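Here the protein sequences come in this chain order: A and B.
Those letters in the first sequence? Residues 4 to 238, by our numbering.
Those letters in the second sequence? Residues 4 to 238, by our numbering.
All C-beta atoms in this analysis are idealised placements derived from N, C-alpha and C, irrespective of residue type, glycine included.
This one's a predicted model, so the numbers in the text were calculated from it and none came from an experiment.
Structure record follows, encoded as structure tokens.
Number of protein chains: 2
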Amino acid sequence: MAQLQRIAIAPSQLQQEQIILTNEQQHYLVRVLRLRVGDRFIAMDGKGKWWLAQLETEQAQVLEPILVKTELPVSITLMVALPKGNGFDEVVRCCTELGVACIAPVLSDRTLLRPSPQKLERWRRIAAEAAEQSERAFVPTILEPVTFNSALTNNVATHSYICEARGDYLHLNNVIKSDTSEIIIATGPEGGWTKTEIETAIAAGFQPVSLGRRILRAVTAPVVALSLISAATEV
Amino acid sequence: MAQLQRIAIAPSQLQQEQIILTNEQQHYLVRVLRLRVGDRFIAMDGKGKWWLAQLETEQAQVLEPILVKTELPVSITLMVALPKGNGFDEVVRCCTELGVACIAPVLSDRTLLRPSPQKLERWRRIAAEAAEQSERAFVPTILEPVTFNSALTNNVATHSYICEARGDYLHLNNVIKSDTSEIIIATGPEGGWTKTEIETAIAAGFQPVSLGRRILRAVTAPVVALSLISAATEV
Chain A
4 MAQLQRIAIA
14 PSQLQQEQII
24 LTNEQQHYLV
34 RVLRLRVGDR
44 FIAMDGKGKW
54 WLAQLETEQA
64 QVLEPILVKT
74 ELPVSITLMV
84 ALPKGNGFDE
94 VVRCCTELGV
104 ACIAPVLSDR
114 TLLRPSPQKL
124 ERWRRIAAEA
134 AEQSERAFVP
144 TILEPVTFNS
154 ALTNNVATHS
164 YICEARGDYL
174 HLNNVIKSDT
184 SEIIIATGPE
194 GGWTKTEIET
204 AIAAGFQPVS
214 LGRRILRAVT
224 APVVALSLIS
234 AATEV
Chain B
4 MAQLQRIAIA
14 PSQLQQEQII
24 LTNEQQHYLV
34 RVLRLRVGDR
44 FIAMDGKGKW
54 WLAQLETEQA
64 QVLEPILVKT
74 ELPVSITLMV
84 ALPKGNGFDE
94 VVRCCTELGV
104 ACIAPVLSDR
114 TLLRPSPQKL
124 ERWRRIAAEA
134 AEQSERAFVP
144 TILEPVTFNS
154 ALTNNVATHS
164 YICEARGDYL
174 HLNNVIKSDT
184 SEIIIATGPE
194 GGWTKTEIET
204 AIAAGFQPVS
214 LGRRILRAVT
224 APVVALSLIS
234 AATEV
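Following this line, the structure appears as structure tokens:
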């Protein structure tokens, strides 16, 4: 199965078999996803059209259109504070089944330990297995764990949400925009995000949202968030 | 925390501090939930009103109204084919967090093993812990595992859905009725329900639904279904 990274593009970026990349997209492809000139990736227009593309420097060459049946029409990045124990294995497995495009593990203020490089390999293997079992066309990207502030800088989308259990926020279900091409959803650690983290996220353009009136565990929240976004964008 | 069972009633059943029980409700309270005369339970009208009630024979005495903040306005029964291994622990934990009222484990045609009585005790302990951690007002009921046909007979609701991955069914998100007081959602075992099971469920009034285009594991499907129903009924 192809392990290709995905980015969302605006239809206006596609000109004569070339994709004109924005500065943010160049940064994301090269600095965050670590692609080099000549590497292939997938460009999605958020309306169900996908193309295989090859990275040049400030643009990319369209190689061919791709037909997908089991992939979501929208690119979802899950920014998730690393939970304690082995709980993250299950988050990777479930969210891959639900169609996530990219998982960005985050070291939050309340994250207890920094995972070993072996963990990252393990998560990527789990994602590959889950993508195959759930009959997806592509394996989601699992980024290296970074600090919350770095994650906010690295990942940019037109619609970004941060889930917070305590607080009088609108329910995610009431704010999901299904007519978008890229969504970032952030879920917190045991004990929740700190007040500073929520404020920093809001300053970075994230909308705080609720996942309901009960307190969800750090490993349940991402699965609930992905369930709601997948259903809202696929149906 | 109160370990009280819940049933949904129609407003017309409440007359002068008495709840006139239907034959189905009497059967459910006595034969399925194993309540005796004098036992207490919760009656919900599906519009956010709850009462503590005491079972008499064909009716129940209303003792007092109950104020709830973290419980769903609808009574959800999850009818779930037992997955292999310890996967059911996680199903009980997550679905309790999401507000399920009753979990009915089912021995389907493709269920491999019959669980020991110790398992049932274990699941009830997990449900109690998860209810407390998620700040729920009540602990969901975990019924004894029964055959699929018995489960169809025991559990009756105005809206019943059975999830099936393969098949050209409407997405659950498109059919959930939020203006109801009770919902049954059934999710299958590894490999899915058999054709006969789907046909039997449809004959019993269940509507077959999809949870999306990817194949979900038996332990993921209930969490996704509960996420969607909780959000649709709570928001």
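Review point. What number of angstroms, rounded off, separates the C-alpha of B/Asn177 from the C-alpha of B/His162?
Key: 13 Å
Practice item. With a cut-off of 8 Å on the beta carbons, I'd call A/Val77 and A/Ile22 a contact; round off their distance for me. Key: Rounded, the Cβ-Cβ distance is 18 Å, inconsistent with contact.
Check your understanding: Would you call the stretch 192 to 206 of chain A and the stretch 127 to 147 of chain B touching, i.e. three or more CB-CB distances under 8 Å?
Key -> no
Practice item. Could you tell me the distance, in whole angstroms, from the CA atom of A/Thr25 to the CA atom of B/Val83? Key: 48 Å
Review point. From B/Val142, B/Ser111, B/Leu116 and B/Ala204, pick the residue whose C-alpha is nearest to that of B/Trp126; which is it?
Key: B/Val142
Review point. Beta strand (DSSP E) containing A/Leu173: first to last residue?
Key: Careful: A/Leu173 lies outside any beta strand (DSSP E) and carries neither H nor E.
Practice item. Taking only runs that begin and end inside the stretch 84 to 153 of chain A, name each unbroken alpha helix (DSSP H) of 4 or more residues, in chain order. Key: 90 to 100 and 120 to 136
Exercise for review: Kindly indicate the opening and closing residues of the alpha helix (DSSP H) around A/Glu202.
Suggested key: Lys198 to Ala206
Point to revise | Where B/Gln6 falls: helix, strand or coil (DSSP) | key: coil
Check your understanding: Is the Cβ of B/Val35 closer than 9 Å to any Cβ of chain A?
Key -> no
**Study point:** 7 Å CB neighbourhood of B/Pro118 in its chain, flanking five on each side removed
**Key:** Leu85 and Pro148
Check your understanding: In this structure, does DSSP put B/Pro192 in helix, strand or coil?
Key -> coil
Practice item. Using three-state DSSP, classify A/Leu24 as helix, strand or coil. Key: coil
**Study point:** Neighbourhood of B/Phe209 by C-beta, 7 Å cutoff - its chain only, sequence neighbours within 5 removed
**Key:** Ser163, Tyr164, Ile165 and Ala189
Exercise for review: Entirely within the stretch 14 to 73 of chain B and at least 3 residues each: give me those beta strand (DSSP E) ranges in chain order.
Suggested key: Taking only runs of at least 3 residues, the beta strand (DSSP E) segments lying wholly in the stretch 14 to 73 of chain B are 21 to 23, 43 to 47, 53 to 58 and 62 to 69.
Check your understanding: Would you say the stretch 168 to 177 of chain B touches the stretch 85 to 104 of chain B, given that touching needs at least three Cβ pairs under 8 Å?
Key -> no
**Study point:** Meets three-Cβ-pair contact criterion under 8 Å: the stretch 31 to 51 of chain B and the stretch 7 to 17 of chain B
**Key:** The stretch 31 to 51 of chain B is in contact with the stretch 7 to 17 of chain B.
Review point. At a Cβ cut of 8 Å, what residues of the stretch 123 to 137 of chain A count as close to chain B, listed as they run along the chain?
Key: Gln136 and Ser137
Check your understanding: Could you give the distance in angstroms between the alpha-carbon of A/Gln29 and the alpha-carbon of B/Leu173?
Key -> 39 Å
Practice item. For B/Asp48, I'd like the list of residues in its chain whose CB is within less than 8 Å of its CB, leaving aside the five on either flank, ordered along the chain. Key: Ala11, Ile12, Ala13, Pro14, Leu17 and Ser184
**Study point:** Contact test: A/Ala228 Cβ vs the ligand FMN heavy atom, cutoff 8 Å
**Key:** No copy of the ligand FMN appears in this structure; indeed no ligand is present at all.
Exercise for review: Report, in whole angstroms, the separation of the C-beta atoms of A/Arg220 and B/Lys72, which I expect to be a contact under 8 Å.
Suggested key: Contact doesn't hold; Cβ gap of about 19 Å is too wide.
Review point. Is A/Pro76 helix, strand or coil when you go by DSSP?
Key: coil
Check your understanding: Nearest to A/Leu58 by CA position, among A/Leu116, A/Leu38 and A/Glu167, is which residue?
Key -> A/Leu38
Practice item. Would you kindly report the start and end of the unbroken alpha helix (DSSP H) that includes A/Val227? Key: Ala224 to Glu237
Exercise for review: Anything in chain B within Cβ reach of A/Asn243, meaning under 8 Å, just list it in chain order.
Suggested key: One cannot answer for residue 243 of chain A here, as it falls past the ends of chain A, which runs 4 to 238.
**Study point:** Whole-angstrom C-beta distance between A/Val33 and A/Val157, which should lie under 8 Å
**Key:** A small fix is needed here, since residue 157 of chain A is Asn in this sequence, not Val. At roughly 11 Å, the Cβ-Cβ gap does not stay under 8 Å, so A/Asn157 and A/Val33 are not in contact.
Check your understanding: Going by DSSP, which residues form a beta bridge with B/Ile187?
Key -> B/Thr80 and B/Ser163
Exercise for review: Compare the Cα-Cα distances from B/Phe151 to each of B/Glu61, B/Glu202 and B/Thr144 and report the closest residue.
Suggested key: The residue with the shortest Cα to Cα distance from B/Phe151 is B/Glu202.
Exercise for review: Please list the residues of the stretch 200 to 228 of chain B that have a C-beta atom closer than 7 Å to any C-beta atom in chain A, keeping them in chain order.
Suggested key: Gly215, Arg216, Arg217, Ile218, Leu219, Arg220, Thr223, Val226 and Val227
Review point. Can a CB atom of chain B be found closer than 9 Å to the CB of A/Gly102?
Key: yes
Exercise for review: Determine, using beta carbons only, whether A/Val226 and B/Val109 come nearer to each other than 9 Å.
Suggested key: No, these two residues do not count as a Cβ contact at 9 Å.
Check your understanding: Taking any Cβ of chain B, which residues in the stretch 59 to 73 of chain A have a Cβ under 7 Å from it, in chain order?
Key -> Lys72 and Thr73
**Study point:** Where A/Ser181 meets chain B, residues with beta-carbon distance less than 8 Å
**Key:** Residues of chain B passing the Cβ test: none, with the nearest at roughly 11 Å.
Exercise for review: State yes or no: is the beta carbon of A/Leu38 nearer than 9 Å to at least one beta carbon in chain B?
Suggested key: Look at A/Leu38: its C-beta is not under 9 Å from any C-beta on chain B.
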